Each structure stands twice: as structure tokens, then as C-alpha cells.
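Input: a single structure, listed below in C-alpha cells.
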Amino acid sequence: MFSWESPLLSVITLTELDIAAHSSLEHPTLEVLLAVLRRLPALKFIRLKNCLPSIAHRIAHDGHTRVEPPHLNHFELISGSPFALHAVAAHVRVPTSAKFLIQCDNYSFAHQVEFDEQHAQALADAVLSHVFVHGLHHHPRDGIHIGQHLLALCSDEITQPYESSLEFGTMRYSDSDDVDTPFDFMRKSQSWEPFIGLNLSWDVDFEPNTPYILLEGLTMRAYKALLSNIPLDLLKGVHIAGDAFTEPETFIRSFHSAKNVEALTLSGEVQSAALEVMSGLINFDDPLSSEPLFPSLKRLCICELPPDAIMMDGNTALTHLRATLQRRRDADQDAVGGLRVLDRLGLFHSIVLAALVEELGPLVTHGSVDLITAGDNGDGQ
37 MFSWESPLLS VITLTELDIA AHSSLEHPTL EVLLAVLRRL PALKFIRLKN
87 CLPSIAHRIA HDGHTRVEPP HLNHFELISG SPFALHAVAA HVRVPTSAKF
137 LIQCDNYSFA HQVEFDEQHA QALADAVLSH VFVHGLHHHP RDGIHIGQHL
187 LALCSDEITQ PYESSLEFGT MRYSDSDDVD TPFDFMRKSQ SWEPFIGLNL
237 SWDVDFEPNT PYILLEGLTM RAYKALLSNI PLDLLKGVHI AGDAFTEPET
287 FIRSFHSAKN VEALTLSGEV QSAALEVMSG LINFDDPLSS EPLFPSLKRL
337 CICELPPDAI MMDGNTALTH LRATLQRRRD ADQDAVGGLR VLDRLGLFHS
387 IVLAALVEEL GPLVTHGSVD LITAGDNGDG Q
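Okay, so the sequence shown: first residue is 37 according to the working numbering, each after it adds one.
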């Protein structure tokens with residue numbers, strides 16, 4: 037039977053450590069786990085699933101006990117406890133080029149009536165401990181590798197299973213970094229390489245006692261805490277899907293600093309909030325709303341829509357899309373920080389009206405409105 041005192045965990049040439057706990061495995065203390073990692077200086081891959089210390093509250097970081105595996109290129113933690121995830125993440129310093137992935141799986145605190153803000157902040161800080169030199173509100177580590185793209189994929193299902201992920205990385209096409217591809221996030225010949233990520237999920241056999249809306253609230257609090265601290269000015273492309281960021285004010289505050297994004301893909305319920313904010317038709321109380329979102333945007337893709345969501349005249353989302361394109365067409369392209377005209381607009385839909393393309397075409401450079409129907413290979417028409 038496996039033991040944390042096993043001689044196998046003292047082999048200094050060991051390069052991979054992948055442990056998935058079962059019910060009979062005793063969880064180590066934080067001190068024992070750190071001691072094991074300290075004895076394995078050659079580690080390149082660490083994945084610990086449901087075998088983190090049993091920690092029910094947030095503990096202070098102790099810099100004197102931090103472990104720094106010099107050769108690590110993949111560090112992945114999976115646990116139902118945000119506090120355990122934070123404790124281990126904050127005490128293991130991995131190289132800036134390593135993949136750093138945190139997953140809160142089958143929330144062990146799902147019996148609670150409501151979530152304490154500390155749960156969400158612990159999840160965010162677990163990730164931020166890798167990004168910043170001294171944690172939150174400090175400058176990013178020299179050479180930190182975040183990636184060019186952001187995938188914010190959140191479940192919009194109120195039934196199981198549930199999964200949401202916020203991942204920074206690079207989307208590649210045919211083994212290249214082609215960020216100029218019109219539809220960065222909708223082509224089939226793509227591969228996603230995450231470098232930093234936070235995932236929250238429960239599986240089909242898990243029965244949480246907490247209402248879905250509270251789990252959704254935990255997700256958004258954690259994601260907002262992350263996005264308000266990670267330097268989004270490094271991003272070139274963003275894909276947002278599902279029911280995350282469906283409030284316009286939340287969308288503004290989450291993405292106001294992403295000023296260099298050139299490609300944006302919107303799927304699911306988030307489209308309404310995003311287009312409402314980008315249209316400029318509505319004044320919001322938030323002072324950040326005075327600055328246009330995504331001023332450097334070149335390509336916008338609207339996808340995965342119900343038949344009447346945006347393709348029919350009179351629809352609110354279509355009104356906001358028209359206004360978004362017109363606002364950028366009318367903008368002063370030479371102004372500092374000003375909006376630029378979109379190079380391409382993509383509509384991913386099973387039914388596309390030709391009249392809509394004719395109307396929107398003049399609002400996009402060279403009339404580049406690309407249609408992607410359900411039977412396409414993802415390269416447009």
C-alpha cells in the first residue's frame with residue numbers, strides 16, 4: 037500500500053510524480069508533502085489529485101518553508117478544498133515557464149448555505165501565487181509566461197456535470213502560432229496549450245447540496261479576482277463562452293485592461309452583455325465604462341446561437357452588434373487609444389440571412405463578413 041514515507045519518494049532521480057488518492061490513502065500534512073517534494077530535486081512533472089493536506093481554513097504563507105523544484109515544467113493540483121489548493125500552491129515556487137494548473141473538483145464545502153468570500157479569494161490567490169513575486173498587489177515575476185490567449189469557458193447548465201475554466205495559454209494551428217487567423221477559436225485544426233489555469237467542476241456522480249446560483253457566484257468571484265490582477269495587456273485573443281460575465285458591469289470591470297486584444301470570440305449567454313457594453317448605446321455607472329473595450333480589436337466572431345438570437349431584425353443583440361460596428365467605423369483611427377475598424381466579422385450559425393451580410397459588410401473593412409454554418413470545416417465561406 038502506498039505511503040508518504042515510501043522509499044520510492046526519496047529517489048532523487050525521480051522526474052515525474054503523479055498521485056491520485058483513493059479513500060484509504062491518508063492525506064499528508066503540509067509539512068510532510070513539502071518534505072517529499074524537497075527530496076525530489078529532479079522533478080519535471082507534478083500532478084496531485086485529491087491527496088493534498090486536509091486544511092479547512094486559510095493559512096499564512098511561510099517563505100522559509102517554500103520548495104522550489106528547479107526543473108519543474110508542469111505543476112497541477114486537484115482538490116475539493118480551496119484552502120488546501122492555496123496552501124500548497126503558495127508554498128511551491130515553480131519556474132516561470134512551467135504550466136501551473138489549479139482545479140477545485142467536487143467542492144467539499146458544497147453543503148454550505150452560502151460561500152464565504154475567502155473561498156473565492158483563496159482560489160484566485162492560489163493561481164496568483166505563481167504569477168506575482170510576493171503575491172497579490174505586487175509586480176509580476178520576471179519572465180512569467182502567461183500566453184497570448186485567454187479561454188473563459190463556463191457551463192450554462194443547471195444540471196450536472198458542471199465545469200468552468202479560466203485558462204491563459206496559446207492556441208496553435210498546424211503547429212504554428214498564427215494569431216492572424218480570422219477565427220482563432222472556432223477552427224477544427226487547433227490545439228490549445230494552457231500555461232496558467234483555474235478550473236472549477238463537479239462530475240456526474242457528485243450531488244452537491246448547494247444551489248447552482250451559489251456555485252456560479254463562487255466561480256465569478258474567483259474569476260473576477262484573477263482578471264483584476266493578471267496583466268491582461270499581454271493578451272492578443274480571447275474566447276468567452278457560457279454564462280460567465282453575463283452582467284455588463286462585470287464584463288467591463290473584468291476586461292477593461294485588455295487593450296491589445298485583436299481577436300474576440302463570444303459564445304452563449306455572454307454575448308448580450310459583451311455587445312451591450314461594446315455598442316456604446318448604454319451609459320453605465322461604472323467609471324471604467326467611459327473607455328471603450330478592446331480598442332485594438334480586429335476580428336470578432338459571434339457563434340453558437342439559437343435561430344432567432346441575432347440573425348433576425350429587431351433583436352436587441354443585433355442592434356448592439358450594428359452599433360458596435362458603426363461605432364468603430366465612425367471612430368478616429370488616429371486618436372491615441374482610439375477604436376479601430378474591424379477587419380473581419382464572423383457569424384457562426386446554422387442559418388444566415390444574406391440581407392444581414394449585405395447590411396453589415398460596409399461596417400467592416402472590405403466587407404469581410406465571414407459565414408460559418410453548421411456544416412463548415414471552420415474556415416468560413
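Ideal Cβ positions, reconstructed from N, Cα and C, are used throughout, including at glycine.
On a predicted model such as this, the values are computed, not experimentally measured, just so you know.
Three-state secondary structure (DSSP) of residue i
i, result
"D220", "Residue placement at D220 is flagged as unreliable, the pLDDT there being 47, under the threshold of 50; the coordinate-derived value follows with that caveat. D220 falls in the coil class under three-state DSSP."
"Q417", "Because the pLDDT at Q417 is just 40, under 50, the model does not fix this residue reliably, and the value given afterwards should be weighed accordingly. If DSSP states are grouped into helix, strand and coil, Q417 belongs with coil."
"P343", "Unreliable positioning characterises P343 in this predicted model, as indicated by a pLDDT of 48, which lies under 50. A coordinate reading is not provided."
"A146", "Note that A146 scores a pLDDT of 47, beneath 50, so its modelled location is shaky; the value from the coordinates is reported in the next line. Correct three-state label for A146: coil."
"Q154", "helix"
"G411", "Per-residue confidence for G411 stands at a pLDDT of 49, beneath the threshold of 50, marking its modelled position as unreliable; the derived number appears in the next sentence. Correct three-state label for G411: coil."
"F81", "strand"
"F281", "coil"
"V393", "helix"
"E327", "coil"
"R94", "coil"
"F168", "strand"
"Q139", "strand"
"D379", "coil"
"R102", "coil"
"F320", "coil"
"A422", "Residue 422 lies beyond the range of the chain shown here (37 to 417); nothing can be said about it."
"L271", "coil"
"P43", "helix"
"D406", "strand"
"R177", "coil"
"R335", "strand"
"T51", "coil"
Boundaries (first-last residue) of the alpha helix (DSSP H) holding residue i
i, result
"I288", "P284 to F291"
"R74", "L66 to R74"
"S308", "V306 to S315"
"L354", "T352 to D366"
"P398", "Unbroken run through P398: none, as it is neither H nor E."
"P118", "P118 to A126"
Under 8 Å between C-beta atoms of residue i and residue j
i, j, result
"G273", "H185", "yes"
"L53", "L70", "no"
"S293", "F281", "no"
"L262", "L302", "no"
"H356", "E312", "yes"
"E199", "S237", "yes"
"P105", "P64", "no"
"S165", "A126", "yes"
"V377", "R365", "yes"
"D279", "C190", "yes"
"A258", "L159", "yes"
"L113", "L84", "yes"
"L354", "L383", "no"
"A168", "F136", "Correcting the residue identity first, residue 168 is Phe in this sequence and not Ala. No."
"S332", "N296", "yes"
"R75", "I48", "yes"
"P230", "G205", "yes"
Distance between beta carbons of residue j and residue i, contact taken as under 8 Å
i, j, result
"A57", "I95", "With a Cβ gap of about 20 Å, A57 and I95 do not count as contacting."
"V130", "L108", "5 Å"
"A309", "F287", "5 Å"
"G116", "D141", "6 Å"
Nearest neighbour of residue i, chosen from the options [CA to CA]
i, options, result
"T360", "L88, L399, V103 and P176", "L399"
"K260", "A162, F168, H175 and A156", "A156"
"T401", "L392, A390 and R380", "R380"
"L121", "L378, A162 and G397", "A162"
"L267", "I180, L333, E62 and I138", "Leu is not the amino acid found at residue 267; the sequence shown has Pro there. Residue I180 is the option with its Cα nearest to P267."
"H100", "F136, V128 and N86", "V128"
"A277", "N265, A188, D321 and E67", "A188"
"T132", "S90, I232 and Q139", "I232"
"V68", "I55, F168 and E41", "E41"
"L375", "L407, L61, K334 and E283", "K334"
"S326", "L300, E285 and A353", "E285"
"W228", "G183, M256, G253 and P118", "G183"
"L88", "F81, E62 and R102", "E62"
"M207", "E153, H275, D178 and R177", "H275"
"V103", "V306, M314, L44 and I82", "I82"
"R358", "V405, P176 and H174", "V405"
"C153", "I318, T255 and S46", "A small correction: the amino acid at residue 153 is Glu; Cys does not occupy that position in the sequence shown. Taking only the C-alpha atoms, the option nearest E153 is T255."
"Q307", "Q226, R177, A391 and E283", "E283"
Opening and closing residue of the beta strand (DSSP E) in which residue i lies
i, result
"E199", "Y198 to Y209"
"H110", "H110 to S115"
"Q226", "Q226 to W238"
"A299", "A299 to S303"
"H185", "H185 to C190"
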